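Protein chains in written order, with my numbering: chain D, 1 to 152; chain Z, 1001 to 1126.
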């Protein structure tokens, strides 16, 4: 007589399971972030002079293109939520006092939301050729964006 | 060791250390991300300030830090794919051990492609 042990399975629970969507989000955003961040690192650190070419004019040049605007906004939002949710997992694992755990999780999401707002505002309201202080810096930085602003 | 629990597939082995590394690299990347969003946002309010902050990114010591950051990103990315395969691929759990070493190998290969290029950029300008 052999003993049959059934495969353990959990019954499907009805209702909206936020943790399940969090779990799925980490995997989905993770795959997209690999593409976005590898592309970001390649364009900024591998091509040309790499880190040494990065300055205000470099960013202005990139953000003159809708392609990089969309790229960077997508990367910003996906990465901050991915990172914050990951840190939430760590806090849940290691914070043993309940009110400290709750406070830290709240703090994480507040920081996340603030940085998403700051990042989106910086990118969407960016007008390198529009104000005097920017133009003063442009003149110092050289032709890259100066030519961009004059349309040549 | 007589008292060591037998039959543990996880504790003290590749499964555990990949988990530990995934957490450590994740924390490092998260805190860099916070700083990086703020410093990039400077382009909107203070172009000269942005150039000043970015100048610190070009120093040799932060340059070494960036090299470490990219190493962390490479491991976290590839191990993330390993985790997804363990979750969704029928044979993922069976091959998790060998997949860990593939992750390490691929990360090392990509790192060797990146590090010389970046370090030359950093150290040729100090």
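No residue lacks a Cβ here, since even glycine has one placed at the ideal position from N, Cα and C.
The model shown is predicted, which means the values in this text are computed figures rather than measured ones.
Where residue i falls: helix, strand or coil (DSSP)
i	result
residue 1067 of chain Z	helix
residue 126 of chain D	coil
residue 1089 of chain Z	coil
residue 62 of chain D	helix
residue 102 of chain D	helix
residue 16 of chain D	coil
residue 1059 of chain Z	coil
residue 7 of chain D	coil
residue 213 of chain D	Because residue 213 of chain D is not part of the residues shown, which for chain D are 1 to 152, the question remains open.
residue 54 of chain D	coil
residue 70 of chain D	helix
residue 152 of chain D	Residue placement at residue 152 of chain D cannot be trusted, given a pLDDT of 45 that sits under 50; what the coordinates show is reported in the next sentence. Three-state DSSP puts residue 152 of chain D in coil, outside helix and strand.
residue 82 of chain D	helix
residue 31 of chain D	helix
residue 2 of chain D	coil
residue 1020 of chain Z	helix
residue 1014 of chain Z	helix
residue 1076 of chain Z	helix
residue 1125 of chain Z	coil
residue 48 of chain D	coil
C-beta contact flag for residue i and residue j at 7 Å
i	j	result
residue 1075 of chain Z	residue 1040 of chain Z	no
residue 1033 of chain Z	residue 79 of chain D	yes
residue 1088 of chain Z	residue 1018 of chain Z	no
residue 91 of chain D	residue 101 of chain D	yes
residue 56 of chain D	residue 1014 of chain Z	no
residue 29 of chain D	residue 82 of chain D	yes
residue 1107 of chain Z	residue 1078 of chain Z	yes
residue 84 of chain D	residue 108 of chain D	yes
residue 1118 of chain Z	residue 1067 of chain Z	yes
residue 75 of chain D	residue 36 of chain D	yes
residue 1086 of chain Z	residue 1093 of chain Z	yes
residue 54 of chain D	residue 1054 of chain Z	yes
residue 1071 of chain Z	residue 1111 of chain Z	yes
residue 1063 of chain Z	residue 1122 of chain Z	yes
Buried versus exposed call for residue i [16 or more other C-beta atoms within 10 Å across all chains shown]
i	result
residue 1114 of chain Z	buried
residue 152 of chain D	Only weak support is given to the placement of residue 152 of chain D: the predicted model assigns it a pLDDT of 45, under 50, and the value that follows is read from those uncertain coordinates. When all chains shown are included, residue 152 of chain D counts as exposed.
residue 1058 of chain Z	buried
residue 1061 of chain Z	exposed
residue 58 of chain D	buried
message: I'd like the ranges of any alpha helix (DSSP H) spanning at least 4 consecutive residues and lying wholly in the segment 1092-1123 of chain Z.
response: 1096-1123
message: Give the list of continuous alpha helix (DSSP H) stretches no shorter than 4 residues that lie fully inside the segment 1023-1048 of chain Z.
response: none
Residues of the segment 14-28 of chain D whose Cβ lies closer than 7 Å to any Cβ of chain Z, in chain order: 27
task: Determine which residues of the segment 41-58 of chain D have a Cβ less than 7 Å from any Cβ of chain Z, and write them out in chain order.
output: 41, 45, 46, 49, 50, 51, 52, 54, 55 and 56
query: Residues in the segment 1038-1055 of chain Z with C-beta within 9 Å of chain D's C-beta atoms, listed in sequence order?
result: 1038, 1040, 1041, 1042, 1043, 1044, 1045, 1046, 1047, 1048, 1050, 1051, 1054 and 1055
- prompt: When you check each C-beta in the segment 1105-1123 of chain Z against every C-beta of chain D, which residues fall closer than 8 Å?
  reply: 1114, 1117, 1118, 1121 and 1122
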